[in-house]
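>
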Amino acid sequence: MFKKNKHGIQVKTPEQLEKMRAAGLVVGRTLQLLRESVRPGLTPLDLDVIAEKAIRDEGAIPSFKGYQGFPASICASVNNEVVHGIPSSRRPLQEGDVISIDCGAIVEGWHGDSAITVPVGDVDPKLTELMRVTEEAMWRGIAALTEGRHLSDIGHEVEKYVRSQGRYGIPQEYGGHGIGTEMHMDPWVANHGKPGRGPRFEAGMCFAVEPMVNLGTDRTKVLADDWTVVTVDGKASAHFEHSVAVTHNGPWVLTALDGGKERLADLLGDAG
Numbered sequence: 001m002f003k004k005n006k007h008g009i010q011v012k013t014p015e016q017l018e019k020m021r022a023a024g025l026v027v028g029r030t031l032q033l034l035r036e037s038v039r040p041g042l043t044p045l046d047l048d049v050i051a052e053k054a055i056r057d058e059g060a061i062p063s064f065k066g067y068q069g070f071p072a073s074i075c076a077s078v079n080n081e082v083v084h085g086i087p088s089s090r091r092p093l094q095e096g097d098v099i100s101i102d103c104g105a106i107v108e109g110w111h112g113d114s115a116i117t118v119p120v121g122d123v124d125p126k127l128t129e130l131m132r133v134t135e136e137a138m139w140r141g142i143a144a145l146t147e148g149r150h151l152s153d154i155g156h157e158v159e160k161y162v163r164s165q166g167r168y169g170i171p172q173e174y175g176g177h178g179i180g181t182e183m184h185m186d187p188w189v190a191n192h193g194k195p196g197r198g199p200r201f202e203a204g205m206c207f208a209v210e211p212m213v214n215l216g217t218d219r220t221k222v223l224a225d226d227w228t229v230v231t232v233d234g235k236a237s238a239h240f241e242h243s244v245a246v247t248h249n250g251p252w253v254l255t256a257l258d259g260g261k262e263r264l265a266d267l268l269g270d271a272g
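Taken in order, the sequence shown gives residues 1 to 272; the numbers are from full-length UniProt numbering.
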């Protein structure tokens, strides 16, 4: 029922990809709602309540809640928190913050996973640029997901773009992953490295592409809650992610409401 290639990577049928698209759209619509909801005074826990209701109202299941003991439906990482922040009511969002929101949903056993970083009101221009660089790096990585290219091409494209934009830190120990009947599947997808290595892409493979980029050092640590990853220098981080399918017609961004058409239109010619 669930085909895998010789490298152990799950290869979906067109019908299975449609189910993944359904899950991806739930995630995309939920993140759109959360983006519109972010404002000073709201807490990360408030956003988690909004997200869980939105996901369940669509008949889907939050992927994150209960996953290896994680207590919430989203990860909410504020400022120097890189990933896996646990939503809390302890500190309301403040003008000038940035918050990374990671969200997942399950529809008929298939997963969607995506993340955005959102400014809270007016933010420092350095943070605006950090978010722009991180999101663009994600799209450069996504554009590499064409048949015949290699797994390491994703990370190469991400790193090449980030390095071209200034002195940023790319955490080496965190990256993307395969996705399908589980949220996290083989293979791991680095955000750095040399091109032309690893398995070749074939139609039906799906990956979560998710660069994390720090304003300062690439070094991170995990807090005492065993989840929240922070930068060791206290500087801000940004995180963007989409779930993407390889198809005969190029990358299909399952968690983007337009399937990625707008952003990929100008990149696909350069990515081949």
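We treat Cβ as the ideally placed atom computed from N, Cα and C, and that holds for glycine.
Among the candidates G250, H248, T181 and V209, whose CA atom is the shortest distance from the CA of Q10?
Stepping through the sequence shown from its first residue, residue 10 is reached at position 10. Q10 has its Cα closest to that of T181, out of G250, H248, T181 and V209.
> Express the C-alpha separation of L223 and A256 in angstroms, rounding to a whole number.
Against the sequence shown, residue 256 aligns to sequence position 256. Against the sequence shown, residue 223 aligns to sequence position 223. Each residue's Cα considered, the two are about 31 angstroms apart.
> DSSP puts K221 in a beta bridge; with which residues?
Along the sequence shown, read from residue 1 onward, the residue named residue 221 stands at position 221. The partner list for K221 (beta bridge, DSSP) reads V230.
> Compute the beta-carbon to beta-carbon distance between V120 and R39, rounded to the nearest angstrom, for a pair I have assumed lies under 8 angstroms.
Taking the first residue of the sequence shown as position 1, residue 120 is located at position 120. Taking the first residue of the sequence shown as position 1, residue 39 is located at position 39. Going by Cβ atoms, the distance from V120 to R39 rounds to 7 angstroms, so yes, they are a contact pair.
> Are there 16 or more other CB atoms within 10 angstroms of the CB of T13, so buried, or fewer, so exposed?
If you number the sequence shown from 1, residue 13 lands on position 13. By the neighbour-count rule (16 or more Cβ atoms within 10 Å), T13 is not buried but exposed.
> How about G169 and T217: are their beta carbons less than 8 angstroms apart?
By 1-based counting over the sequence shown, the position of residue 169 is 169. By 1-based counting over the sequence shown, the position of residue 217 is 217. In this structure, T217 lies closer than 8 angstroms to G169 by Cβ.
> Tell me, which residues are paired with S251 by DSSP?
What you label residue 251 is simply residue 251 of the sequence shown in a count that begins at 1. Sequence check: residue 251 is Pro here, not Ser. DSSP, once it has assigned bridges, lists V246 as partnering P251.
> Does the count of Cβ pairs from the segment 117-131 and the segment 146-154 closer than 8 angstroms reach three?
As far as the Cβ criterion goes, the segment 117-131 does not touch the segment 146-154, which means the pair count is below three.
> In this structure, how does DSSP classify M212 when only helix, strand and coil are distinguished?
One-based indexing of the sequence shown puts residue 212 at position 212. Strand at M212.
> What residue does the alpha helix (DSSP H) around I55 start on, and which one ends it?
Numbered from its first residue, the sequence shown carries residue 55 at position 55. Unbroken alpha helix (DSSP H) run through I55: P44 to D57.
> Measuring straight from C-alpha to C-alpha, what distance separates D102 and A115?
By one-based count along the sequence shown, residue 102 stands at place 102. By one-based count along the sequence shown, residue 115 stands at place 115. So the alpha carbons of these two residues sit roughly 4 angstroms apart.
> With three or more C-beta pairs closer than 8 angstroms as the rule, is the segment 196-210 touching the segment 240-248?
Short answer: they touch.
> May I have the straight-line CA-CA distance separating T117 from L17, to the nearest angstrom?
As a position in the sequence shown, residue 117 is number 117, starting the count at 1. As a position in the sequence shown, residue 17 is number 17, starting the count at 1. Rounded to whole angstroms, T117 to L17 spans 26 angstroms at the Cα level.
> For N214, count neighbouring Cβ atoms within 10 angstroms of its own Cβ and tell me buried if that reaches 16, exposed if not.
The residue labelled residue 214 in the question sits at position 214 within the sequence shown. Label assigned to N214: buried.
> Got a sec, what are the start and stop residues for the alpha helix (DSSP H) G24 sits in?
Along the sequence shown, read from residue 1 onward, the residue named residue 24 stands at position 24. Note, G24: alpha helix (DSSP H), P14 to S37.
> Could you tell me how far apart the beta carbons of V82 and M212 are, in whole angstroms, since I believe they sit closer than 8 angstroms?
The sequence position of residue 82 within the sequence shown is 82, counting from 1. The sequence position of residue 212 within the sequence shown is 212, counting from 1. Confirmed, Cβ separation roughly 5 angstroms.
> Using alpha carbons as the reference points, say which of P71, Y161, G198 and G24 lies closest to K6.
The residue given as residue 6 occupies position 6 in the sequence shown. The option with the nearest alpha carbon to K6 is G198.
> Report all residues from its chain with a CB closer than 7 angstroms to the CB of V230; omit the five preceding and five following residues, and keep chain order.
Numbered from 1 along the sequence shown, position 230 holds the residue referred to as residue 230. Cβ neighbours of V230 beyond the five flanking positions: N80, E81, V82, T220, K221 and L223.
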